[in-house]
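Q:
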Amino acid sequence: MQTDFEGSDTSPTISLLDLKKCWGYEKDCTPDLRYSAPTCNKSSRGWAKSKAEQIETFFKQGDFGYIRERMDELTQICTPKQKNGSSLECTKFMRFCRGKNIMFDFKTLLNLPEPMRYRDDVIREGQVGGYCKVKKKTLKEHGQHKSPLQSWYAEFEHLTELPKPIGDETCDLVISEPTFIMKLDATVNMYHHFCNFEIVWKAFTQHPLMNLGSFKGKKVCFKDAVFPLLPRMIFGMYYNMPLIPGCQGSGLFQAFTEHLKYRLNIKDNYQGSNVRITLISRSTQYRRILNEDELVSALKTIPDVVVKKVNFNRQMAFVDQMEISYNTDILIGIHGAGLTHMLFMPVWGAVFEIFNCEDESCYADLARLKGLKYFTWEKSDKIFPEDEGHHPTLGAHAKFTNYAFDIPEFLRIFKKALTHVRQSGPFQQKSDSCKGSKCNNTVVHNEL
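Residues in the sequence shown are numbered from 1 upward in steps of one, following full-length UniProt numbering.
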């Protein structure tokens, strides 16, 4: 780890390696040395027999312990026939794989009709291989989760042993740099997938993004390729994640947040002791707040708050969206992907999902993972749907209509969130450092 102090003339870097801290996925990382520990001050509701078991379960489900368990699953699918030869290792059900000197033949792409998304027949017999010994039985055993966004099995189902080592004569193109190969989920929707927000990639690489479409008809050899965890895995990372009750605060999620802020140079915009409020406005057909302007006006009557109404749509640059979120103390919005912006909020923040549309755990769990206080609507007689909701196939549905909200009840719940933020130790410390016109902009950064 290292710590950078920004805002000074010298910006010194101080090594913290001697502190013997670790992230938590390392084999020799004991609980007392982990990057962070979750807070488990509520009941597990029968999920665990002890507090220690509750903490460890949360760590394995939603923190660096999840990474450790996937690392423990790694098994060889294709073993090299010579030193520095081809190889492929994967976790259980091939949810994550890493390959060395692997060849893909993308000739199928030349004649494959649209749409391309979610296909599992792009790589066919004889179109993927390496100079390694394929464990065919092991490969087949890991095919139980075959699905476009749950496993890489479809891409390696036809893995074959090449007769000689990978060389220039084998490949039309050789990619020597370590490469991540992604399968995208729904676009322009942070809840379902994060990776089509291209600005975010600058936090991880200086190389340009490539589309597999540019490899049509070519044999491409990857010296070092990672096939990462997928967005809709069974028991995945957040999506489809079973999360034990009573705990919050994932070091993995917090480290990701801090890494993006540092790498993308997101600036702090503190308002002294003022609490910064962001209300998410939606321009979609459903789940709009019908009286949102009245709610904003009501918020502005409260002293020492700064209120902003925003629409996180494609017209706003994503880095600008992130800057708003990083500088939000209380995020308010109806159930929808915009609430995923809570990922970027400060540790003292609160989320008010004004109505969860009968999907109770979705964003409540994300708030717990991020370590934020979560609030939602409490009195059904003080919320006013436009109609019963009209799902295309399922009939009446809470997510397919719009809502108005009782203003006094809205303010009652909001004030609970406001009290939480104002009483938070980290918020009070930041407020004290930002009194007057001078603000302490020191940033402590733990390098991933």
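Beta carbons are placed, not taken as given, at the ideal position from N, Cα and C, and that holds for glycine.
Buried or exposed: where does ASP105 fall if 16 or more other Cβ atoms within 10 Å of its Cβ makes it buried?
A: Taking the first residue of the sequence shown as 1, we reach residue 105 at position 105. Buried: at least 16 other Cβ atoms inside 10 Å.
Q: On the DSSP letters alone, give me the boundaries of the alpha helix (DSSP H) that CYS362 sits inside.
A: The residue labelled residue 362 in the question sits at position 362 within the sequence shown. First-last of the alpha helix (DSSP H) with CYS362: 362 to 370.
Q: To which residues does DSSP link TYR403 through a beta bridge?
A: Along the sequence shown, read from residue 1 onward, the residue named residue 403 stands at position 403. ILE289 and PRO385.
Q: Compute the Euclidean distance between the alpha carbons of LYS21 and LEU252, then round it to the nearest angstrom.
A: The residue you call residue 21 lines up with position 21 of the sequence shown. The residue you call residue 252 lines up with position 252 of the sequence shown. Those two C-alpha atoms are separated by around 14 Å.
Q: Would you call the CB atoms of LYS100 and SER176 closer than 8 Å?
A: For the purposes of this step, residue 100 is taken as the residue at position 100 of the sequence shown. For the purposes of this step, residue 176 is taken as the residue at position 176 of the sequence shown. Cβ atoms of LYS100 and SER176: not closer than 8 Å.
Q: Span of the alpha helix (DSSP H) holding GLY65?
A: Position 65 of the sequence shown, counted from the start, is the residue given in the question as residue 65. Run containing GLY65: 64 to 73, per the alpha helix (DSSP H) assignment.
Q: For the alpha helix (DSSP H) that ASP105 lies in, which residues bound it at each end?
A: Here residue 105 refers to the residue found at position 105 when the sequence shown is read from its first residue. Careful: ASP105 lies outside any alpha helix (DSSP H), inside the beta strand (DSSP E) at 97 to 105.
Q: Can you grab the Cα-Cα spacing for the pair LYS399 / LEU411, in whole Å?
A: Locating residue 399 in the sequence shown gives position 399, counting from the first residue. Locating residue 411 in the sequence shown gives position 411, counting from the first residue. The alpha-carbon atoms of LYS399 and LEU411 are separated by roughly 23 Å.
Q: Is LEU230 near SER151, with beta carbons less than 8 Å apart?
A: Looking up residue 230 in the sequence shown gives position 230. Looking up residue 151 in the sequence shown gives position 151. Cβ atoms of LEU230 and SER151: closer than 8 Å.
Q: My output table needs one value for PRO80: the three-state DSSP class, helix, strand or coil.
A: In the sequence shown, the residue the question calls residue 80 occupies position 80. Residue state, collapsed to three classes: strand.
Q: Which residue's Cα is closest to the Cα of GLN127: SER361, THR170 and PHE58?
A: One-based indexing of the sequence shown puts residue 127 at position 127. Checking every option, the nearest Cα to that of GLN127 belongs to THR170.
Q: Under DSSP, the alpha helix (DSSP H) around SER50 begins and ends at which residues?
A: As a first step, residue 50 must be located in the sequence shown, where it is residue number 50. Taken as a continuous stretch (DSSP letters only), SER50 belongs to no alpha helix (DSSP H), as it is neither H nor E.
Q: Please give the ranges of any alpha helix (DSSP H) in the UniProt domain "Glycosyltransferase 61 catalytic" (258 to 346), keeping only runs that are unbroken, at least 4 residues long and fully inside the region.
A: List check, alpha helix (DSSP H) in window: 292 to 299 and 318 to 326.
Q: So THR328 and THR278 are in contact, right, with Cβ under 8 Å, and what is the actual spacing, rounded?
A: The sequence position of residue 328 within the sequence shown is 328, counting from 1. The sequence position of residue 278 within the sequence shown is 278, counting from 1. At roughly 4 Å, the Cβ-Cβ gap stays under 8 Å, so THR328 and THR278 are in contact.
Q: Please state the DSSP three-state secondary structure of HIS420.
A: The count along the sequence shown starts at 1 and reaches residue 420 at position 420. Three-state result, HIS420: helix.
Q: Going by C-alpha to C-alpha distance, which of ILE181, ASP172 and GLU198 sits closest to ARG314?
A: Residue 314 sits at position 314 when you count from the first residue of the sequence shown. Of the candidates ILE181, ASP172 and GLU198, the one whose C-alpha sits nearest the C-alpha of ARG314 is GLU198.
Q: Need the endpoints of the beta strand (DSSP E) that LYS219 sits in, please.
A: Locating residue 219 in the sequence shown gives position 219, where the first residue counts as 1. Taken as a continuous stretch (DSSP letters only), the beta strand (DSSP E) holding LYS219 covers 219 to 227.
Q: Going by beta-carbon coordinates alone, are PHE156 and PRO228 separated by less than 8 Å?
A: Indexing the sequence shown from 1 puts residue 156 at position 156. Indexing the sequence shown from 1 puts residue 228 at position 228. Their beta carbons are not under 8 Å apart, which means PHE156 does not touch PRO228 by this criterion.
Q: Does DSSP classify LEU448 as helix, strand or coil?
A: Your numbering for residue 448 matches position 448 in the sequence shown. With a pLDDT of 43 at LEU448, under the threshold of 50, the modelled position of this residue cannot be trusted, and the question is left open.
Q: Using 8 Å as the Cβ pair cut-off and three pairs as the minimum, do the stretch 413 to 432 and the stretch 307 to 327 touch?
A: No, the stretch 413 to 432 does not touch the stretch 307 to 327.
Q: With distances taken from CA atoms, which of TYR131, THR108 and SER250 is nearest LYS216?
A: As a first step, residue 216 is located in the sequence shown; it is residue number 216 there, counting from the start. Looking at the Cα atoms, THR108 is the closest of the given residues.
Q: Using the beta-carbon count (16 or more within 10 Å), is TYR118 buried or exposed?
A: Residue 118 sits at position 118 when you count from the first residue of the sequence shown. Exposed, by the Cβ-count rule.
Q: Identify whether GLU409 lies in helix, strand or coil by the three-state DSSP scheme.
A: The count along the sequence shown starts at 1 and reaches residue 409 at position 409. If DSSP states are grouped into helix, strand and coil, GLU409 belongs with the helices.
Q: Only counting the same chain, and skipping five residues up and downstream in sequence, which positions put a Cβ closer than 7 Å to that of ARG276?
A: Here residue 276 is taken as the residue at index 276 of the sequence shown, counted from 1. Here the set comprises VAL306, ASN327, THR328 and ASP329.
Q: Taking the alpha-carbon of TYR131 as reference, which of GLU125, SER147, HIS145 and ILE166 has the nearest alpha-carbon?
A: What you label residue 131 is simply residue 131 of the sequence shown in a count that begins at 1. Closest option to TYR131, Cα to Cα, is ILE166.
Q: Can you give me the Cβ contacts of HIS335 inside the same chain, cut-off strictly under 8 Å, excluding the 5 residues immediately before and after it?
A: Translated into the one-based positions of the sequence shown, residue 335 becomes position 335. Cβ within range, chain order: ARG287, GLU353, PHE355, ASN356, CYS357, ASP359, CYS362, TYR363 and LYS399.
Q: Nearest to PHE384 by CA position, among GLY395, LYS370, PRO392 and PHE405, is which residue?
A: Along the sequence shown, read from residue 1 onward, the residue named residue 384 stands at position 384. Taking only the C-alpha atoms, the option nearest PHE384 is PHE405.
Q: To the nearest angstrom, report how far apart LYS49 and ALA317 are at their CA atoms.
A: In the sequence shown, counting from the first residue as 1, residue 49 sits at position 49. In the sequence shown, counting from the first residue as 1, residue 317 sits at position 317. Roughly 47 Å separates the two Cα atoms.
Q: Should LEU110 be labelled buried (16 or more other beta-carbon atoms within 10 Å of its own) or exposed?
A: For this step, residue 110 is matched to residue 110 along the sequence shown. Exposed is the call here.
Q: Here's the rule I'm using: 16 or more other beta-carbon atoms within 10 Å means buried, otherwise exposed. How should PRO38 be labelled?
A: The residue given as residue 38 occupies position 38 in the sequence shown. PRO38 is buried by the Cβ-count criterion.
Q: Express the C-alpha separation of ASP121 and PRO113 in angstroms, rounding to a whole number.
A: Numbered from 1 along the sequence shown, position 113 holds the residue referred to as residue 113. Numbered from 1 along the sequence shown, position 121 holds the residue referred to as residue 121. Roughly 12 Å between the two C-alpha positions.
Q: Helix or strand or just coil, what does DSSP make of ILE234?
A: Taking the first residue of the sequence shown as 1, we reach residue 234 at position 234. Note: ILE234 maps to coil in three-state DSSP.
Q: Evaluate ILE280 with the Cβ neighbour count: other Cβ atoms within 10 Å of its Cβ, from every protein chain shown; 16 or more gives buried, anything less gives exposed.
A: As a first step, residue 280 must be located in the sequence shown, where it is residue number 280. Answer is buried; the Cβ neighbour count reaches 16.
Q: Decide yes or no for the touch test of the stretch 57 to 66 against the stretch 248 to 262: beta carbon pairs closer than 8 Å, at least 3 of them.
A: Contact holds: three or more Cβ-Cβ distances are below 8 Å.
Q: Can you round the beta-carbon distance between ALA337 and PHE375 to whole angstroms, since I take them to be within the 8 Å contact cut?
A: As a working mapping, residue 337 is identified with position 337 in the sequence shown. As a working mapping, residue 375 is identified with position 375 in the sequence shown. That pair is no contact at about 19 Å.
Q: Between which two residues does the beta strand (DSSP E) holding THR138 run?
A: One-based indexing of the sequence shown puts residue 138 at position 138. Premise fails: THR138 lies in the alpha helix (DSSP H), 136 to 141, not in any beta strand (DSSP E).
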